[in-house]
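Numbering (the numbering used here), first residue to last: 231 to 320.
This is how it looks when you write it as structure tokens:
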């Protein structure tokens, strides 16, 4: 497992500890060549806060672990289930 994979996996674990049960993240894939990764988010969320806010919180968790990234897209694939794509910033 690469250091990048370990770091993102750790970030997802921290996110789940602090955001569950309203939101849960699952790492789907990392493309180290493109410098991107995809995460599935599921849950009831607090929709008054905005879904984007719940998803973007992973960015701040990863920043605390010294990995800077940006949310570049997210899409609802079914009710309460979103696939998001993040870009790793160098």
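Ideal Cβ positions, reconstructed from N, Cα and C, are used throughout, including at glycine. Here the structure is a predicted model, which is why all the values come from computation and not from measurement.
Alpha carbon to alpha carbon, how far is residue 261 from residue 232? Locating residue 261 in the chain shown gives position 31, counting from the first residue. Locating residue 232 in the chain shown gives position 2, counting from the first residue. Each residue's Cα considered, the two are about 12 Å apart.
Quick one: measure Cβ to Cβ for residue 257 and residue 269, integer angstroms, because I've assumed they're closer than 8 Å. Position 27 of the chain shown, counting from 1, holds the residue named residue 257. Position 39 of the chain shown, counting from 1, holds the residue named residue 269. Indeed, because the Cβ distance is near 6 Å, the residues count as touching under 8 Å.
Quick one: what's residue 255 bridged to in DSSP? Your numbering for residue 255 matches position 25 in the chain shown. According to DSSP, residue 255 bridges with 271.
Between 314, 304, 300, 280, which has its C-alpha nearest residue 320's C-alpha? For the purposes of this step, residue 320 is identified with residue 90 of the chain shown, where counting begins at 1. Measuring from the Cα of residue 320, the nearest candidate turns out to be 300.
Taking C-beta to C-beta, are residue 285 and residue 304 nearer than 8 Å? The sequence position of residue 285 within the chain shown is 55, counting from 1. The sequence position of residue 304 within the chain shown is 74, counting from 1. Yes.
Between which two residues does the alpha helix (DSSP H) carrying residue 288 extend? By one-based count along the chain shown, residue 288 stands at place 58. Here the alpha helix (DSSP H) through residue 288 covers 281 to 294.
Which of the three DSSP states, helix, strand or coil, is assigned to residue 312? Here residue 312 refers to the residue found at position 82 when the chain shown is read from its first residue. Three-state DSSP puts residue 312 in a strand.
Nearest residue (CA-CA) to residue 309, options 267, 264, 253, 292: As a working mapping, residue 309 is identified with position 79 in the chain shown. If we check each option's Cα against that of residue 309, 253 comes out closest.
Rounded separation between residue 313 and residue 294 - CA only: Along the chain shown, one-based indexing puts residue 313 at 83. Along the chain shown, one-based indexing puts residue 294 at 64. Answer to the nearest angstrom: the Cα atoms are 22 Å apart.
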